[in-house]
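The block underneath contains the structure these notes are about, expressed in structure tokens.
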Amino acid sequence: MQKYIMSGLFFTACIVAIVLMFTLPGKDQVAEEAKPSMPEVVLDAASAETVVTANCITCHGDQLQGGVGPNLQKVGSEMTPEEIYSLVSKGKAIMPSFKGKLKEEEIANVAQWLAAKK
Ligand code: HEC
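This is the structure we're talking about:
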């Protein structure tokens with residue numbers, strides 16, 4: 022009798038495991054959610070230039086020619102707007118994170134403006 026109870030429990034545990042396998046988010050999904058998603062904005066070049074002048078040219082140069090940070094004059098041929106958005110939000114090495122300092126929409130606008138530089 023106990024044998025049947027045990028195998029019944031085992032069977033139930035298997036069902037639960039299978040259900041969880043399909044309902045819990047997979048690794049890919051978790052990685053996707055960790056990436057900041059870029060808000061949709063209509064490119065406003067004038068506002069992008071203002072934000073860049075105030076926040077970025079100290080390191081990237083007044084013509085974006087580079088300095089402490091790399092040259093950004095052709096950054097659009099290497100990075101997508103989403104990649105730039107993510108990098109500017111999170112920061113990288115000595116480049117500070119701008120999340121909280123700039124609005125998400127401002128970062129997205131700057132990302133699109135820079136991504137158009139090819
Ligand atoms: C304190 C200096 C500093 C400031 C301020 C700064 N950056 Fe940077 N930035 C860097 C450095 C250094 C790197 C290179 C990081 C690395 O790859 O190690 C970088 C990298 C980048 C890159 C990637 C370039 C590439 O070719 O890999 C982008 C895009 C960028 N910055 C945009 C911006 C924007 C937009 C701003 C203003 C909102 C900004 N940065 C402000 C220092 C700075």
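Here this note's numbering is used: position 91 in the sequence shown is 112, and no number is missing along the way.
Just so you know, even glycine gets a beta-carbon here, dropped at the ideal spot from N, CA and C.
Item to complete: For Q133, count neighbouring Cβ atoms within 10 angstroms of its own Cβ and tell me buried if that reaches 16, exposed if not.
Response: Counted from its first residue, the sequence shown places residue 133 at position 112. Q133 is buried by the Cβ-count criterion.
**Prompt:** In terms of alpha-carbon separation, which member of S107, K139 and S58 lies closest to L85?
**Reply:** On the sequence shown, residue 85 is found 64 positions in, with the first residue counted as 1. Closest option to L85, Cα to Cα, is K139.
Nearest-angstrom Cα separation, counted from T44 out to V96: The sequence position of residue 96 within the sequence shown is 75, counting from 1. The sequence position of residue 44 within the sequence shown is 23, counting from 1. Distance between the alpha carbons of V96 and T44: 40 Å.
Considering only the alpha carbon of each residue, which of Y106, A137, F31 and E70 lies closest to I128?
As a position in the sequence shown, residue 128 is number 107, starting the count at 1. Distance check between I128 and each of Y106, A137, F31 and E70 places Y106 closest, using alpha-carbon atoms only.
- request: Examine ligand 1 and report whether any of its heavy atoms sits within less than 8 Å of the Cβ of N76.
  value: Position 55 of the sequence shown, counting from 1, holds the residue named residue 76. Correct: N76 has its Cβ closer than 8 Å to ligand 1.
message = Applying the 10 Å Cβ sphere with the 16-neighbour rule, what's the burial state of V72?
response = The residue given as residue 72 occupies position 51 in the sequence shown. Residue burial is scored here from C-beta neighbours: V72 has at least 16 other C-beta atoms within 10 angstroms and is therefore classed as buried.
ask   = In whole angstroms, what separates the C-alpha of T74 from that of D65?
value = Stepping through the sequence shown from its first residue, residue 74 is reached at position 53. Stepping through the sequence shown from its first residue, residue 65 is reached at position 44. Spanning the two alpha carbons is a distance of roughly 14 Å.
Legend entry - Backbone secondary structure at M100 - three-state DSSP: Against the sequence shown, residue 100 aligns to sequence position 79. Correct three-state label for M100: coil.
Which residues DSSP lists as bridging K113, in chain order: To locate residue 113, count along the sequence shown from 1; it is residue 92. For K113, which the question treats as bridged, DSSP gives the partners M116.
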